[in-house]
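Heads up, the thing below is written out as structure tokens.
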Amino acid sequence: MSDISAFLIFGPPGSGKGTVGAKLATTTGIKHLSTGDIFRGLSPASENGKLFASYAGAGKLVPDEVTVKIFSRFVGGLIDTNKFAPEKDSFLLDGIPRTVAQAELIKSVVNIKHIFVLDIPDYSIIVERLLKRAKIEGRKDDADETVIRARLKEYEDKTAAVLGAYNESLITKINGAQDPDTVLRDSLTAYIKAK
Ligand code: ADP
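Counting with numbering that gives the first Met the number 0, you get residues 0 to 194 for the letters of the sequence shown.
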């Protein structure tokens, strides 16, 4: 078990993990770390950059071993460059673990203190949000409804089960369909209680 403390913001694609995660991090000082952002920051010409493009473009998850390797290397880099101090800082993980195998593999990197689940059972809200985000941010995987549906299927098939790997007392469910300020308020309340 690692000494690095982490909170986890969890939910399907388009549930607001990135938006709420960034605001929660700014308000509390915890360090927001999104694996989607890490992957999008890879050089597109690199081996891993190409691998990411092929999986993400099809709405599929990148394989576990390589995901955890890239994640661990990134965390190590933050520590080595004094951007994260394990003895006083905590992470807010967004996008990892996304499979039960990843939950097992990251145990040696981070110790998960609490999980905030952004719950949105109505997928039509998600599809609408992501298609709108595609126009603003230009993400290719958001622009195509077939790819969005594939991502939601990956979430149901592989990611939803991750919650079963953690003790129920670590999990707080938040209604992710509310307006962003209310979701932030509920997340902050849960964070203060969990801290
Ligand atoms: P969203 O939550 O909207 O799907 P992300 O930015 O979190 O967006 O992820 C984009 C893509 O990055 C995913 O579809 C997947 O291909 C890849 N990805 C991100 N995190 C992981 C992970 N932990 N394991 C495997 N693939 C991942």
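For every residue, glycine included, the Cβ atom is placed at its ideal position computed from N, Cα and C.
It should be emphasised that the depicted structure is a prediction, and the values quoted were computed from it without experimental measurement.
When the distance is taken between beta carbons, is residue j closer than 8 Å to residue i?
i: residue 56; j: residue 140; result: yes
i: residue 114; j: residue 70; result: no
i: residue 186; j: residue 32; result: no
i: residue 144; j: residue 126; result: yes
i: residue 118; j: residue 172; result: yes
i: residue 97; j: residue 158; result: yes
i: residue 104; j: residue 156; result: no
i: residue 121; j: residue 30; result: no
Going by the C-beta, is residue i closer than 7 Å to any heavy atom of ligand 1?
i: residue 38; result: yes
i: residue 156; result: no
i: residue 12; result: yes
i: residue 140; result: yes
i: residue 176; result: no
i: residue 148; result: no
i: residue 123; result: no
i: residue 55; result: yes
i: residue 23; result: no
According to the neighbour-count rule (16 or more other Cβ atoms, all chains shown, within 10 Å of its Cβ), is residue i buried or exposed?
i: residue 44; result: exposed
i: residue 11; result: buried
i: residue 167; result: exposed
i: residue 137; result: exposed
i: residue 58; result: buried
i: residue 53; result: exposed
i: residue 175; result: buried
i: residue 102; result: buried
i: residue 135; result: exposed
If I'm right that residue i touches residue j with Cβ under 8 Å, what's the distance once you round it to whole angstroms?
i: residue 108; j: residue 1; result: 5 Å
i: residue 5; j: residue 78; result: At roughly 13 Å, the Cβ-Cβ gap does not stay under 8 Å, so residue 5 and residue 78 are not in contact.
i: residue 116; j: residue 164; result: At roughly 13 Å, the Cβ-Cβ gap does not stay under 8 Å, so residue 116 and residue 164 are not in contact.
i: residue 91; j: residue 8; result: 6 Å
i: residue 20; j: residue 128; result: Wrong, their Cβ atoms sit about 15 Å apart, outside the cutoff.
i: residue 67; j: residue 50; result: Actually they do not touch by this definition, with Cβ atoms about 14 Å apart.
- Length-filtered (3 minimum) beta strand (DSSP E) runs lying within the segment 23-50: Taken in chain order, the complete beta strand (DSSP E) segments of 3 or more residues contained in the segment 23-50 are 30-33.
- Ordered list of beta strand (DSSP E) runs contained in the segment 72-133, each at least 3 residues: Fully enclosed beta strand (DSSP E) runs of 3 or longer: 89-93, 110-118.
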